[in-house]
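These notes concern the structure reproduced below.
2 protein chains.
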Amino acid sequence: MSQTVDRALSILPLLAEGPADLGQVAERLDVHKSTALRLLRTLHEHGLVYRQSDQRYRLGARLFALAQEAVENLDVREIAHPHLVELNAKIGHTVHLAVYEENEVLYIDKVESRYPVRMYSRIGKPVAITVAAVAKLLLADLSEPERRAVAERLDYPMYTPRSTPDATAFLKELTVVREQGWATDLGGHEESINCIGAPIRGADGRVVAAMSVSAPSVVVTAEELLTLLPVVRRTADAISREYSGNTPT
Amino acid sequence: MSQTVDRALSILPLLAEGPADLGQVAERLDVHKSTALRLLRTLHEHGLVYRQSDQRYRLGARLFALAQEAVENLDVREIAHPHLVELNAKIGHTVHLAVYEENEVLYIDKVESRYPVRMYSRIGKPVAITVAAVAKLLLADLSEPERRAVAERLDYPMYTPRSTPDATAFLKELTVVREQGWATDLGGHEESINCIGAPIRGADGRVVAAMSVSAPSVVVTAEELLTLLPVVRRTADAISREYSGNTPT
DNA sequence: ATGGGCGTTGCAGAGGATGCAACGGGCCAG
DNA sequence: CTGGCCCGTTGCATCCTCTGCAACGCCCAT
Chain A
1 MSQTVDRALS ILPLLAEGPA DLGQVAERLD VHKSTALRLL RTLHEHGLVY
51 RQSDQRYRLG ARLFALAQEA VENLDVREIA HPHLVELNAK IGHTVHLAVY
101 EENEVLYIDK VESRYPVRMY SRIGKPVAIT VAAVAKLLLA DLSEPERRAV
151 AERLDYPMYT PRSTPDATAF LKELTVVREQ GWATDLGGHE ESINCIGAPI
201 RGADGRVVAA MSVSAPSVVV TAEELLTLLP VVRRTADAIS REYSGNTPT
Chain B
1 MSQTVDRALS ILPLLAEGPA DLGQVAERLD VHKSTALRLL RTLHEHGLVY
51 RQSDQRYRLG ARLFALAQEA VENLDVREIA HPHLVELNAK IGHTVHLAVY
101 EENEVLYIDK VESRYPVRMY SRIGKPVAIT VAAVAKLLLA DLSEPERRAV
151 AERLDYPMYT PRSTPDATAF LKELTVVREQ GWATDLGGHE ESINCIGAPI
201 RGADGRVVAA MSVSAPSVVV TAEELLTLLP VVRRTADAIS REYSGNTPT
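Take a look at the structure:
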C-alpha cells in the first residue's frame, strides 16, 4: 500500500538470506543506489539492520528485542509454560506449543528435557504445516471454506513416505482431527519421530493454540506414545481452563 | 532519513509495549488516522504486525522468523557453540555468549545444564550493560573516546550494592578489564550470582564477542569461581583461534 | 431511533521520495 | 607511485506518492 515502506521492508527478508552490500540491495529492489541507501539508513536508525565492518548490511539487533517483546505479548504462552514444564517433567519428552497466524503455524514455546538444545532452532520457525500434529489441530478449527482455501494453497512436500500427500488427504485428516479432538504425526516429518497433540481452547471454544509431545520411535513406539494421550489432553484442558478463566482480566 | 519509513518503523516499538488500535497508533505517531492505517497495512502485508480478532494490532509472527535468521547469520555464534557446550559439560554452570552492537550488548547464545529454561528469556535481550562481565569485556575494547562517550550516555541502576555506581567507576573498571584480559561480575546484577568472562577476538585482535560463566554463590564462592578462569580463558582463546582461522573462507 | 466512536475510502494538493550526475575515497594493477 | 576502477555518498530538480481532509458506513450504546 505504501511504496516506500514496502520497499524498505522488502530489504529485511533479503538480508535474512545473508549480508549484502548496497549495490546488491539496490539491484534486488530494482531501485537506484541512492534510494536503497536512504532506505537502509532509515532501517539502520531503527536498529533493524546493522552495518558490519566490511560495510555490508545484515539484520540488526533490535529485531531480537522486538521478537522478544512480541512473544511476551502472547499471553497463551505465559499461561501455558508452567503446564508444559510440568508435563515435561512427568513424561520426559519434548513438548511444543504452537499458534496459527497469517497462514503460518509456528512454535512459540518448547520444553526439552534431555539436553539443552539451541532453542531458537525451532522457536519462531514455521512448522511443517501439512504434517505436524499442532498444525492439524490449529487448522482443523478453521471453518470449512477456510480449511479448503488453506489446503489448496499449500505445498505437500513428502518429507517421508508417511507425509500427507495432497490437499484431499489433508482435508480428510483435518476432519478426523476435528472430530476426535487430538492429532498425531507418526513419522510424517521425520521418519523416526512421532508426535501427539491436543488443542488449547479459549472461552468461546475456539482453538487458540496447540501443544504436542514428540518422541523418537527408538525410545517409545507409536503405541506407547499414544498411551500418553490422556495426560496430554488433561494438560491441554488445564491450560484451556486457566486461559479462559483469565480472559476477563 | 525517509519520513514514511521512519514513521512506519516507529510503530513497531510502540506495538511492542502492547496491542494498540488504529486511533492510538495515529495519535502516538502524530499523523492522521488514514496515514496510520496505510502504514499498518503495509507492515501487515509483510507480516510484521498482526491484526488480532478485536481489530487491534500487535507485533507479528514474521519477526520471529527474521530474528531467527538474523542469529543464524552470526558466524561467531556458530563457531562458538560447540565450545560453549563442551565447557558447560565440563564445569556444569551456565555459559553465555554476547556481542556488542549499536550501543547494546546482547546475549546470542546460552548453554544451561541444570534445567531447560526458556531460552528466549535471555537470548536477544540486552544485558545489564554496566555490570555484566561480558559487557565490560566488549566495551573495554572500544577506543578511549568511544568508551567515554558510551559511559556518559549510560544509566547506572543500582541492581545491588555492588553494582557499578557511575561513569567514573565504570571507566576505571573498563581499564582494568582491558589490561587483565578478563572480567568479573561479583553480585553486581543479582546479589547471589557471580560471573567470570573472557573475550573472543577476531584475526585483527579486536574483541568480536565475549563469553561468561555464571554461578550462584550458594553453589560456588567467588573464589572458587575464579579458579575456573584458566579454563574459561582457554575456551575463549580456542574460539578466537577457530574464528580467526575460518575468517578467510 | 439516534448519536457517537471507529475504521475505511476517494481525492486534490503538497511535500517528500526518486533517479541522475558528479564527487571522493579505497583498492588493485601496472 | 600512479592511474583507473569500483562502490558508497551527496545535492538537486522533477515527478510521484504520501498526506490530511471530508464523507461514508458500520457497530454499539443510549
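For the protein sequence lines, the chains are A and B, in the order given. Position one of the first sequence corresponds to residue 1 (full-length UniProt numbering), numbered consecutively onward. Position one of the second sequence corresponds to residue 1 (full-length UniProt numbering), numbered consecutively onward. Heads up, the beta-carbon is just placed ideally off N, CA and C, and yes, glycines get one too.
In the DSSP assignment, P216 (chain A) falls within the beta strand (DSSP E) that extends over V207 to P216.
Rounded to the nearest whole angstrom, the CA to CA distance from M211 (chain A) to R77 (chain A) is 11 Å. By the neighbour-count criterion, in which a residue is buried when 16 or more other Cβ atoms sit within 10 angstroms of its Cβ, D109 (chain A) is buried. Of the other Cβ atoms in all chains shown, 16 or more fall within 10 Å of the Cβ of E104 (chain B); this residue is therefore buried. D109 (chain B) sits in a strand when the DSSP states are folded into three classes. At a Cβ-Cβ threshold of 8 Å, L137 (chain B) and S2 (chain A) do not count as neighbours. In the structure shown, Y50 (chain B) falls within a strand segment according to DSSP collapsed to helix, strand and coil.
For M1 (chain B), the nearest beta carbon of chain A is closer than 8 Å to its own beta carbon. Judged by DSSP secondary structure, H44 (chain A) falls within the alpha helix (DSSP H) whose first and last residues are K33 to E45. Under the DSSP assignment, Y100 (chain B) falls in the beta strand (DSSP E) whose first and last residues are T94 to E101. The contact set of V5 (chain A) on chain B, defined by CB atoms closer than 7 Å, consists of T4, V5, A8, L39 and T42 in chain order. Taking CB atoms only, G92 (chain B) has no neighbour in chain A less than 8 Å away. Any Cβ of chain B closer than 8 Å to the Cβ of Y50 (chain A) would place that residue at the interface, and such an atom is present. Taking a Cβ-Cβ cut-off of 8 Å, the neighbours of L66 (chain A) in chain B comprise L12, P13, A16, L59, L63 and A67, given in sequence order. The beta carbon of V99 (chain B) lies closer than 6 Å to those of I108 and A209 in the same chain, with the five residues before and after it left out. With its beta carbon at least 8 Å from every one in chain A, H32 (chain B) lies outside the interface.
CA-CA distance, L97 (chain B) to Q68 (chain A), rounds to 17 Å. Less than 8 Å separates the beta-carbon of L228 (chain B) from that of I196 (chain B). T168 (chain B) places its beta carbon 8 Å or farther from that of G187 (chain B). In the DSSP assignment, N194 (chain A) falls within the unbroken beta strand (DSSP E) covering I193 to R201. Annotation: L154 (chain B) is outside any beta strand (DSSP E) and is labelled neither H nor E by DSSP. Residue-level contact check: H46 (chain B) touches chain A, since one or more beta carbons of chain A fall below 8 Å from its beta carbon. Chain A has a Cβ within less than 8 Å of the Cβ of E101 (chain B). Shown here, T175 (chain B) sits in a helix according to DSSP, grouped into three states. At a Cβ-Cβ threshold of 8 Å, R62 (chain A) and L48 (chain A) count as neighbours.
Per the C-alpha coordinates, the member of B:K90, B:S53 and B:V131 positioned closest to D166 (chain B) is B:V131. Between P157 (chain A) and H189 (chain B), the alpha-carbon positions lie close to 49 Å from each other. Under a 10 Å Cβ-count criterion, A133 (chain A) is classified as buried, with 16 or more other Cβ atoms of the shown protein chains found around its own Cβ. If you check the CB distance, N73 (chain A) and P19 (chain B) come in under 8 Å. Interface residue (Cβ-Cβ distance to chain B less than 8 Å): L29 (chain A) is not classified as such. A distance below 6 Å between beta-carbons, with the five flanking residues on each side excluded, links A151 (chain B) to the following residues of its chain, in chain order: A167, F170 and L171.
Going by beta carbons, L22 (chain B) and L59 (chain B) fall outside the 8 Å limit. Residue environment: T164 (chain B) is assigned as buried (16 or more neighbouring CB atoms within 10 Å of its CB, all protein chains considered). Taking C-beta separations shorter than 7 Å and ignoring five residues to either side along the sequence, the partners of V85 (chain B) in its chain run V111, following chain order. Judged by beta-carbon spacing, Y57 (chain B) lies beyond the 8 Å limit of E101 (chain A), meaning their Cβ atoms are not closer than that value.
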